[in-house]
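Input: a single structure, listed below in structure tokens.
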Amino acid sequence: MANKYLLGIDVGTTRIKAVLFNIHGRQVFSSSRDTRLIKSGSCSEVDMDELWEDVAETIKSVILKMGPGSKILAAAVSGQGEGLWLIDKDGKPIGRAILWNDSRAESLVTELENNSPISESIFKITGSPLFPGATSVLLRWLKDNKPEQIAKAHNLMFCKDWIRYKLTNLISTDTTDASTSLLNLETGTTSVELFDHLKIKNLFPLIPKLFTPSEYSGTVTKFSTNITGLPIGTPIACGAFDVAATALGCGAIKDGDACVILGTSGCSVVVSDILKKGPNDRSGMEMHAVPELFIKVSATMAATPNIDWVYDLFNYDKNFNNIEAELGKIPAGSYGLIYHPYISLSGERAPFYSPGASAQFSGINEKTTPLTMTRAVYEGVALSIKDCLKNQDPERIFLAGGGARSLFWAKIISNCTNLPVFISTETELCARGSALMAGIAGEIYVDIDHAINHINKPRRIDPEPDQVAIYDELFNKYVQIQKKMMSVWNS
21 MANKYLLGID VGTTRIKAVL FNIHGRQVFS SSRDTRLIKS GSCSEVDMDE
71 LWEDVAETIK SVILKMGPGS KILAAAVSGQ GEGLWLIDKD GKPIGRAILW
121 NDSRAESLVT ELENNSPISE SIFKITGSPL FPGATSVLLR WLKDNKPEQI
171 AKAHNLMFCK DWIRYKLTNL ISTDTTDAST SLLNLETGTT SVELFDHLKI
221 KNLFPLIPKL FTPSEYSGTV TKFSTNITGL PIGTPIACGA FDVAATALGC
271 GAIKDGDACV ILGTSGCSVV VSDILKKGPN DRSGMEMHAV PELFIKVSAT
321 MAATPNIDWV YDLFNYDKNF NNIEAELGKI PAGSYGLIYH PYISLSGERA
371 PFYSPGASAQ FSGINEKTTP LTMTRAVYEG VALSIKDCLK NQDPERIFLA
421 GGGARSLFWA KIISNCTNLP VFISTETELC ARGSALMAGI AGEIYVDIDH
471 AINHINKPRR IDPEPDQVAI YDELFNKYVQ IQKKMMSVWN S
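The opening position of the sequence shown corresponds to residue 21 in the numbering used here, with each subsequent residue numbered one higher.
Spelled out as structure tokens, the structure:
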């Protein structure tokens, strides 16, 4: 009997992945390659045509791993959120795509935030704070600084929309990506008022038609079949931005569930069945890939880059298990050493906004060694997660992202947050979320609940009371130092 698969495509900031899953959500084959980032100063970009070529090659590579007679039932793409992806009337890119971690619009954000009535009105509409990589902010920046590019623009889209457009020749976006900075969350529709506040009302028509993430959104064309190897006519779901897709893929689909993504960004996502816009606490309220649910997203600028940095600093072998076994011998709290994980050159955006924030160690003493410092880095990122989740009252955490492979780190996070942590047996949870959406669009599953019921149950880790107490005390000092450093970072 021929094997049948669902294809989930994850176009991330650093890696492109194409993963084939069986209908029970188990990874069978995968292929990946690096995203070709173009960085210069405050700018972070990708060449859109190069990205499509790389995605197409990644898809082709995973298809070649299938056995004879195997069939792909449906596919979907998820991708990095926010940023700005523009095409002209012929469907060709206008310049490079500007990514979410680009900081060229910092001064514009400062200007807008200094105008309290405007910034407060925008927050009330979108439920998300202004930040330099937001699509709406970048539209305004481009209008002010590169009007010749804006004049050519026919549609804006997001990362996954660009790839889906190349697969299907249909232009659209979905509610999750649009909800990051383009929607009125109360109505679930695009907001002319928002564009008016930003003085870009004339650009409102650039927004394409909206679909829900699991909605059928075209089929593979002959053109893309020739390039990717995907069979012509394969159904394609609209897809979602990577955060929402990952939350779905790990099983965070109920009110009170949290999904923590340990990737380039440290993303803490709390699922809610009601809209909670509340005070502007640097977290964004967005739509989930699950109908009628919202996600409150606190996305830091860097999570795993902190780990990469300390491993490179001490020239460790990247066999993480060996190093983590040694780190496990060091007491919780690293002998009082505290690390603030603001290592990004763009500073920090959650749970506070400071372009000048920087990473630092506090509490170095005679017991401080390279291994102690390394453990403190793991703990520092976990404390940052606790900082992002405070006042949100999640009931449990599902871990995702590359860092979720670390059982050592998962235990620290459980103890820092005093919450049960769940780890999936699968690693590519963003791609799995996409595959589940594909399964709904391709009518393999009836709905989200039906899809989730097909996948395997995750492993549970419970907090240890003695270590919870240690991390509670450490967190109090972590926050005190953070507050005292704010005037230095912002000077």
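We treat Cβ as the ideally placed atom computed from N, Cα and C, and that holds for glycine. Computed from a prediction, not measured in an experiment: that's the story for all the values here.
**Item:** Unbroken stretches of the beta strand (DSSP E), 3 residues or longer, contained in the segment 253-319
**Value:** 255-257, 277-282, 286-292, 304-307, 314-319
**Request:** Throw me the rounded Cβ distance for the CYS270 and SER237 pair, which I believe falls under 8 angstroms.
**Result:** About 23 angstroms; that fails the 8 angstroms criterion.
**Message:** What residue range does the beta strand (DSSP E) around PHE41 cover?
**Reply:** 35-41
**Message:** Measuring alpha carbon to alpha carbon, tell me which residue in LEU132, ALA171, PRO167 is nearest PRO152.
**Reply:** With respect to the C-alpha of PRO152, the residue from LEU132, ALA171, PRO167 having the closest C-alpha is LEU132.
**Prompt:** Near GLU206, which residues of its chain fall below 7 angstroms by C-beta distance, leaving aside the five closest residues on each side in sequence?
**Reply:** LEU295
**Asked** CB ARG56 to CB ASP74, shorter than 8 angstroms?
**Response** yes
**Euclidean distance between Cα positions of VAL330 and GLY422** = 16 angstroms
**Asked** Considering only residues of the same chain and omitting the five flanking positions on each side of PRO251, which have a CB-CB separation below 7 angstroms?
**Response** Excluding sequence positions up to five before and after PRO251, its CB lies within less than 7 angstroms of the CB of ILE92, VAL240, THR245, all in the same chain and listed in chain order.
**Prompt:** To the nearest angstrom, how far is it from the Cα of ILE142 to the Cα of VAL441?
**Reply:** 35 angstroms
**Residues of its chain near ARG416, where Cβ-Cβ distance is below 8 angstroms and the 5 sequence neighbours each way are ignored** = GLY276, ASP277, ALA278, LEU439, PRO440, VAL441, PHE442
**Item:** Beta-carbon spacing of ILE384, LEU357 below 8 angstroms
**Value:** yes
**Item:** Cut-off 8 angstroms between Cβ atoms - residues of its own chain near CYS408, not counting five sequence neighbours on either side
**Value:** In chain order, GLY286, SER288, SER303, SER318, THR320, ALA370, PRO371 place their CB closer than 8 angstroms to the CB of CYS408, counting only its own chain and leaving out the 5 sequence neighbours on each side.
**Asked** Is DSSP giving TYR25 helix, strand or coil here?
**Response** strand
**Prompt:** Over what stretch of residues does the beta strand (DSSP E) that includes THR188 continue unbroken?
**Reply:** Segment 179-188 is the alpha helix (DSSP H) holding THR188; no beta strand (DSSP E) there.
**Asked** Quick one: what's got a C-beta closer than 6 angstroms to ILE191's C-beta in the same chain, skipping five residues either side?
**Response** ASN175, TYR185, PRO228
**Request:** Mind checking who LEU104 pairs with in its DSSP beta bridge?
**Result:** DSSP output for LEU104 lists ILE118 as bridge partner(s).
**Asked** Quick one: Cα of LYS24 to Cα of LEU202, how far?
**Response** Take the alpha-carbon of LYS24 and the one of LEU202: they are about 37 angstroms apart.
**Item:** Segments assigned alpha helix (DSSP H), at least 4 residues, entirely inside the segment 48-108
**Value:** 68-83
**Asked** Which parts of the segment 146-222 are runs of the beta strand (DSSP E), unbroken and 3 residues or longer, counting only runs that do not cross its ends?
**Response** If only uninterrupted beta strand (DSSP E) runs of at least 3 residues are considered, those enclosed by the segment 146-222 are 175-177.
**Prompt:** Do you know offhand how far VAL397's Cα is from ALA264's?
**Reply:** Cα to Cα, the separation comes out at about 27 angstroms.
**Asked** Among residues of its own chain, excluding the 5 on either side of ASP262, which ones have a beta-carbon nearer than 7 angstroms to its beta-carbon?
**Response** ASP30, GLY32, SER98, GLY99, GLN100, GLY101, CYS450
**Message:** Rounding to the nearest angstrom, what Cα-Cα distance links LEU159 and GLY208 in this structure?
**Reply:** 21 angstroms
**Prompt:** Is ASP469 helix, strand or coil by DSSP?
**Reply:** helix
**Request:** For ARG479, write down the residues that DSSP places opposite it in a beta bridge.
**Result:** ILE443
**Message:** Excluding the 5 residues flanking THR254 on each side, which residues of the same chain have their C-beta closer than 7 angstroms to its C-beta?
**Reply:** ILE92, ALA94, ALA95, THR239, VAL240
**Prompt:** Regarding TRP509 and the ligand ZN, is the C-beta to nearest heavy atom distance less than 7 angstroms?
**Reply:** The ligand ZN is absent from the structure shown, which contains no ligands of any kind.
**Asked** What's the C-alpha gap between ARG53 and ASN135?
**Response** 43 angstroms
**Request:** Give, in chain order, every unbroken run of the beta strand (DSSP E) that is at least 3 residues long and sits entirely within the segment 345-401.
**Result:** 358-360, 380-382
**Contact under 8 angstroms by Cβ, THR445 with ASN476** = yes
**Asked** Where VAL39 and ALA76 are concerned, what is the direct C-alpha to C-alpha distance, given to the nearest angstrom?
**Response** 13 angstroms
**Prompt:** Three or more C-beta pairs closer than 8 angstroms, one from the segment 58-68 and one from the segment 112-132: is that the case here?
**Reply:** yes
**Message:** At the level of alpha carbons, what is the spacing between TYR373 and GLY367?
**Reply:** C-alpha separation (whole angstroms): 8 angstroms.
**Request:** In angstroms with no decimal places, state the Cα-to-Cα distance between ARG452 and CYS179.
**Result:** 18 angstroms
**ARG452, enclosing beta strand (DSSP E) - first and last residue** = No beta strand (DSSP E) contains ARG452, which is instead part of the alpha helix (DSSP H) from 449-461.
**Request:** Starting from the Cα of VAL157, find the closest Cα among TRP105, ALA309, LEU391 and give me that residue.
**Result:** TRP105
**Prompt:** For PRO325, which option in MET86, THR394, TRP509 has the closest C-alpha, if you only look at C-alpha atoms?
**Reply:** Answer by Cα proximity: THR394.
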